[in-house]
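Below is one structure, written out as structure tokens; the observations come after it.
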Amino acid sequence: MSPASPTPPAGADAIAPLERARELAALVLAPAANTTDQADSVPREHLRALAGAGLLGIATPARYGGLGAPARVAREVLEILAGACGVTAFVQMQHATAACPLIARGDNEALKERALPRLASGERLCTVGFSHVRRPGPPMVRIEPDGDHVRLDGTVPWLTGHGLADDAVIAGTLPDGRLMYVLTPLSAGDSIEASAPLRLSAMNASATVSLTLRALRVGPEQVIATVTREQQAARDVAGLLTPAALSLGAAGAAAALLASLAERRGDAQLAGAARALEDEREAARAEVNAWADQPEAEGYAEHAVRARASCVDLGVRAAHAAVAATGGSANRLDHAAQRLFREAMLYSLTAQTRDLQAAMVQRLLGRGAGAMDRARP
Ligand SMILES: Cc1cc2nc3c(=O)[nH]c(=O)nc-3n(C[C@H](O)[C@H](O)[C@H](O)COP(=O)(O)OP(=O)(O)OC[C@H]3O[C@@H](n4cnc5c(N)ncnc54)[C@H](O)[C@@H]3O)c2cc1C
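Residues in the sequence shown are numbered consecutively from 4, following the working numbering.
Below, the structure is given as structure tokens:
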């Protein structure tokens, strides 16, 4: 990514990033959202604007040049961005609330000092490729010791932001079954080959590719951390709630769309629907914040899965309500309602674990059964 405007001073209070996110969302992202959705890639101006507002370093500790905002503020920023432009929020999430925190929580102090300030300022953009470590079966990316280096071979099935990102955090499996995370530039010659951008129903502009790694050599200075499978499972559960903000953003934008339709038509019922969805969004956010703040609490995993599933459900329902209330024009590719509906659908897959997958399916089944019970005389 090209050099960004200067990052605001670290340690700014929590309100400032939210205000900056709201301003950027209203002035830059929302007006272009339907066009961006149909583009090949997120415009670089969006990333420069995020960098200028400090939002690419939102979750990076202040001592490494970021804003060091609490996790709930980073989630609220993500929610605001997702309400304005889903695909820009998606790319911001991979950099700011996935890649940078992974490096910051890692074991390599020299790497943190070297890499994080440039990532926090937006001088370099980073993406991630690690969801494959959750898949059962033979490892998709194998990491073998190679002298004092390691060697990566295999396939990273999903990597967002190709062509925009300079670096990627990639995970693979060591011979003893532990998982290693490394930071690598994406311009690593023949060792990293990207597929053509995957054709996607939602987030097509995320420039998501799969990568083939062939004998990618990585030195100890690029190793972020090595974790056991148990530690990875704990990280997966802890990571479930961040993308809930994407669903809440879609729900908020859909409720706003309903409210504006209600005003235009003088339709009190539609206005009531918009208010009800807004109330549900507030409650869902409060639930997410309550659990995200206490990952050590008993029953955390179960509640986190439930809280995330209800946010996904709310996002899809709210967007569907916006589609239905709009009418035929909602299906036009330049209409926000169908875009929000596709984005809300995609958020059911993001950072998906097996438990979330099961909870989502059960929740959808339960909704049908509940509705039938209520309809019975
Ligand atoms: C547009 C888009 C962009 C993405 N960008 C990125 C990115 O930048 N970086 C990144 O790391 N990921 C990215 N992802 C991946 C995304 O987070 C994954 O879709 C999600 O983690 C689900 O994993 P999967 O697609 O590998 O699905 P699957 O392999 O289908 O797995 C889904 C879940 O089910 C479980 N599961 C699958 N098969 C079995 C089985 N036989 N038995 C038991 N459990 C099973 C898996 O463990 C997993 O938890 C992206 C996905 C999309 C759609």
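Heads up, the beta-carbon is just placed ideally off N, CA and C, and yes, glycines get one too.
Answer with buried or exposed for residue i, where buried requires no fewer than 16 other C-beta atoms within 10 angstroms of its C-beta.
i, result
"E233", "exposed"
"L119", "buried"
"S332", "exposed"
"V364", "exposed"
"N334", "exposed"
"T289", "Reading the sequence as shown, one finds Ala at residue 289 and not Thr. Exposed is the call here."
"S282", "The sequence shown places Asp at residue 282, rather than the Ser named in the question. D282 comes out exposed."
"G69", "buried"
"P178", "exposed"
"R47", "exposed"
"D239", "buried"
"D337", "exposed"
"L368", "exposed"
"E112", "exposed"
"Q97", "buried"
"S8", "Low per-residue confidence applies at S8: pLDDT is 40, beneath 50, and the placement is therefore not dependable, though the value from the model is reported in the following sentence. Looking at its Cβ environment, which holds fewer than 16 other Cβ atoms inside 10 Å, S8 is exposed."
"Q41", "exposed"
"L164", "The question names Leu, but residue 164 in the sequence shown is Gly. With 16 or more other Cβ atoms within 10 Å, it is buried."
"L30", "exposed"
"D110", "exposed"
"R370", "exposed"
"A218", "exposed"
"P6", "At P6, the pLDDT of 35 sits below 50, so the modelled position is not reliable; the number obtained from the coordinates is stated separately. Result: exposed."
"Q297", "exposed"
"A361", "exposed"
"A205", "buried"
"R1", "A question about residue 1 goes unanswered here, because the residues of the chain that appear run from 4 up to 380."
"R284", "buried"
"E384", "No information on residue 384 is available, as it lies outside the stretch 4 to 380 that the chain covers here."
"S263", "exposed"
"E346", "buried"
"T10", "Unreliable placement is indicated for T10, whose pLDDT of 42 sits below 50; the coordinate value is still reported in the next sentence. T10 comes out buried."
"S190", "exposed"
"P12", "Confidence in P12 is poor, its pLDDT being 43 and thus under 50, which makes the residue's placement too unreliable to answer from."
"G71", "buried"
"P64", "buried"
"G60", "buried"
"D1", "Since the first residue shown for the chain is 4 and the last is 380, residue 1 is missing from the structure and cannot be characterised."
Please report the Cβ distance between residue i and residue j, rounded to the nearest whole angstrom; I am assuming they are in contact, meaning their Cβ atoms lie under 8 Å.
i, j, result
"T130", "L162", "6 Å"
"A304", "V291", "Actually they do not touch by this definition, with Cβ atoms about 14 Å apart."
"I227", "V144", "Rounded, the Cβ-Cβ distance is 14 Å, inconsistent with contact."
"G1", "A254", "Nothing can be reported for residue 1: it is not among the residues displayed for the chain, which extend from 4 to 380."
"T158", "S213", "6 Å"
"A340", "T329", "5 Å"
"G57", "R78", "About 16 Å separates the two Cβ atoms, so there is no contact after all."
"N37", "R342", "6 Å"
"A208", "S44", "6 Å"
"Y67", "E116", "7 Å"
"T39", "V80", "Actually they do not touch by this definition, with Cβ atoms about 18 Å apart."
"L244", "A295", "5 Å"
"L50", "L128", "6 Å"
"L182", "V230", "5 Å"
Report whether the distance from the Cβ of residue i to the nearest heavy atom of ligand 2 is below 8 Å.
i, result
"D169", "As for ligand 2, it is missing from this structure, which binds only ligand 1."
Next on the checklist: At 4 residues or longer, what runs of the alpha helix (DSSP H) sit wholly inside the stretch 267-312?
Outcome noted: 271-295
Checklist entry - If you scan the stretch 72-131 from start to end, which runs of the beta strand (DSSP E) of 3 or more residues do you find wholly inside it? => result none
Checklist entry - For the stretch 271-278 against the stretch 95-112, are there 3 or more C-beta pairs whose distance is under 8 Å? => result no
Checklist entry - Do the stretch 240-252 and the stretch 191-207 meet, that is, are 3 or more Cβ pairs less than 8 Å apart? => result no
Item to check | Segment contact flag, the stretch 256-270 with the stretch 314-327, C-beta cutoff 8 Å, min 3 pairs | outcome: yes
Checklist entry - Given 8 Å as the limit, is there contact between the stretch 147-161 and the stretch 68-84, that is, 3 or more CB pairs closer than that? => result no
Checklist entry - Taking only runs of the beta strand (DSSP E) that begin and end inside the stretch 119-206, which ones reach a length of at least 3 residues, in chain order? => result 129-132, 144-149, 152-162, 170-176, 182-188 and 195-197
Item to check | Entirely enclosed alpha helix (DSSP H) segments - the stretch 22-73, minimum 4 residues | outcome: 36-40 and 47-55
Item to check | Runs of beta strand (DSSP E) lying entirely within the stretch 211-242, each at least 3 residues, in chain order | outcome: 212-221 and 226-230
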